[in-house]
Every structure is written in C-alpha cells, then in structure tokens.
Amino acid sequence: MKTVNHNFQRRSPLMACLLAAGLLGNIAFADAADSTGAVGTAIDTSMAAMTKEPMARFNGDGTLMRPTGYREWIYIGSPLTPNDMNNGKAAFPEFHNVYIDPASWAHWKKTGEFRDGTLIVKELLSVATKSSFSGNGYFMGEYQGLEAMVKDPSRFPKADSYWGFFRFTTEDHNRLLKTSKVVPSSACVSCHAPNAQQDMVFVQHYPVLRAAKGRGEAGTGGK
Ligand code: HEC
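Under our numbering, the letters of the sequence shown match residues 78 to 300, in that order.
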C-alpha cells in the first residue's frame, strides 16, 4: 500500500525545496512517513519488542529524541477544541490523537497507575472539513505537530509527579524537530497539574484509559 503523504498544509514552496534538498536538520512529516525503506526494516515494532525497550530515548544532553512508531502503540483518544466553538481563538484548535506506549499500557491495565518510564504522545491534526457523507461534524486533516510527556523520577526529580513535557513542533507548525528540550514547567504543568484527573494526565477525556484502569483484560473491549 502506498504511504499516505502527510505534508503540512502550511508548508511554503521555499520550505519544501529546502527540505527536499536536505538543507534543514529537522524533518517534516512527509519525510518521516516516506522513509519506510530504512525505518521499516530497522525497528522491531512487535509488541514483544515494544514492551521491553524503554520507549523514551534521551540524548547525552538530556534532550528527548522524537518518539517514533507511536501510531502502533495504544491509541487512547482524540480530544478536540475547535476554533469555531472558542470564539475563533482556541488555544489548541487541532485534533489531539493521543497514544501511550505498550509497556505502560500493560502496567495501567494491571495497576491503574502510570509507571516510571511512561511515554504519552500527542499528535496534532488539523480540522480538514466540517461535512461528510454522514453529516456535519469535524473530520481530521493533516498532521500538524507532536508533543510528549515522560514520567521519569531520575531525570525529573523536582518536577510535579516527575513528568517532563516536550514539544517537537516548530512554532510555525511547518517542521518536526529531531529532539526537544524539556519545556519549562510554567508552560505546561501549570495547566495539567491542577486540572488533569490523575497524575498530570487528563484521564477524564480518555475512555480507553478509564475502561481499562486496573481491570486487566476486562477493560480492553468486548469482554
Ligand atoms: C491550558 C491548559 C493546558 C496547557 C497550557 C497545556 N496543556 Fe496539554 N493538555 C491539556 C488538556 C485539557 C489535555 C487533554 C484534552 C486535549 O488534548 O485537549 C491535554 C493533553 C495533553 C497531552 C496528552 C496526555 C494528557 O495529559 O491528556 C500531552 C502529551 C500534552 N497535553 C502536552 C502538553 C505540553 C507539552 C504542553 C506545554 C507545551 C501542554 N500540554 C500545555 C491542557 C493543557
């Protein structure tokens, strides 16, 4: 099957040229998605491998490497706060597709807690269209960004509940960064800490997490 092209909608022709010529250190979604030849064979995405590997990979300078392969992890939900329901100025107008790494999901099912090492990825998608053959609504468009949070007491001993927050999207939403420094806690934690239902995560908005919390296989659907 042909790889879907995840070009950014807002990418300029100049940016496209620079990227095609490999002149920028960072990569765009199209480039990440299209490089299947090398990536597809190099990374073992079997569930067995994914539950063994530490999913958050840090560089020597403490920056987090951009997670890969997360669309094959556990998908927990897609919150959306569209512009037209927020006076045209939503803080986060995109769809948020959220994933948790497989080992942390297994731990969540068993204990109802986020284990040390939990990696949660939030992928941003534009609202493409507001009507389809089923009726009016909000339908996903293009990939527009990537954020992540990692729970790690050894790396973030002073952070609230030991979570580090990361942003891999450039300000213009045109490119993805290869690495991210931890974002100062005022930018993210200030909202997550008081409002998220459990351990800095907005569990209240993820039915997949709520259903499986400490319930083992009983919470995985159809049981
Ligand atoms: C004004 C409040 C607010 C701020 C500021 C904020 N977030 Fe969130 N974040 C939310 C809400 C609410 C959700 C869940 C619903 C949604 O995605 O809209 C969320 C979800 C997330 C998730 C998915 C896991 C979860 O907890 O639900 C990640 C990852 C995330 N945010 C990262 C970040 C990062 C990184 C920053 C800082 C750059 C940030 N957030 C700043 C409110 C905020």
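Virtual Cβ for every residue (Gly too), placed ideally from N, Cα, C. On a predicted model such as this, the values are computed, not experimentally measured, just so you know.
{"Query": "Could you check the C-alpha separation between residue 159 and residue 222 for me, to the nearest Å?", "Result": "16 Å"}
{"Query": "At a cut of 8 Å, does the stretch 201-219 reach the stretch 234-243 through at least three beta carbon pairs?", "Result": "no"}
{"Query": "Look up residue 199 in the DSSP assignment and say whether it is helix, strand or coil.", "Result": "strand"}
{"Query": "For the alpha helix (DSSP H) that contains residue 287, what are its first and last residues?", "Result": "284-289"}
{"Query": "What three-state label does DSSP hand residue 240 in the structure shown?", "Result": "strand"}
{"Query": "Measuring only the C-alpha atoms, how far is residue 156 from residue 201?", "Result": "10 Å"}
{"Query": "Use the C-beta contact count for residue 138: other C-beta atoms within 10 angstroms, 16 or more gives buried, fewer gives exposed.", "Result": "exposed"}
{"Query": "Comparing C-alpha positions only, which one of 185, 245, 170 sits nearest to residue 226?", "Result": "245"}
{"Query": "At a cut-off of 7 Å, is residue 233 close to ligand 1 when judged by its beta-carbon and the heavy atoms of the ligand?", "Result": "no"}
{"Query": "Pop quiz: residue 154 and residue 291 are said to be a contact at Cβ under 8 Å. What is the actual Cβ separation, rounded to whole angstroms?", "Result": "The pair is not a contact, with the Cβ atoms about 18 Å apart (cut-off 8 Å)."}
{"Query": "Using CA coordinates, which residue listed in 198, 256, 203 is at the minimum distance from residue 66?", "Result": "Because the chain here runs from 78 to 300, residue 66 falls outside it and cannot be looked at."}
{"Query": "Considering just the uninterrupted stretch of the beta strand (DSSP E) at residue 250, what are its terminal residues?", "Result": "Element bounds for residue 250: n/a, residue is neither H nor E."}
{"Query": "On the CB-based measure, 16 or more other CB atoms within 10 Å of its CB, does residue 161 come out buried or exposed?", "Result": "exposed"}
{"Query": "Hey, would you say the C-beta of residue 250 is under 7 Å away from at least one heavy atom of ligand 3?", "Result": "Judged by which ligands are present, ligand 3 is missing from the structure shown, whose ligands are ligand 1."}
{"Query": "Drop a sphere of 10 angstroms on the beta-carbon of residue 134, count the other beta-carbons inside from all chains shown, and report buried for 16 or more, exposed for fewer.", "Result": "exposed"}
{"Query": "One question on the structure: do residue 194 and residue 249 come within less than 8 Å of each other, judged by their Cβ atoms?", "Result": "no"}
{"Query": "How far does the beta strand (DSSP E) with residue 175 in it reach, from first residue to last?", "Result": "172-177"}
{"Query": "Identify the continuous beta strand (DSSP E) that holds residue 225 and give its terminal residues.", "Result": "212-228"}
{"Query": "Closest to residue 255 by C-alpha separation, out of 224, 271, 163, 274, would be which residue?", "Result": "224"}
{"Query": "Ligand 1 and residue 224: does any heavy atom of the ligand fall closer than 7 Å to the residue's C-beta?", "Result": "yes"}
{"Query": "What separation, rounded to the nearest whole angstrom, lies between the Cα atoms of residue 257 and residue 174?", "Result": "19 Å"}
{"Query": "What's the gap between the Cα of residue 285 and the Cα of residue 136?", "Result": "32 Å"}
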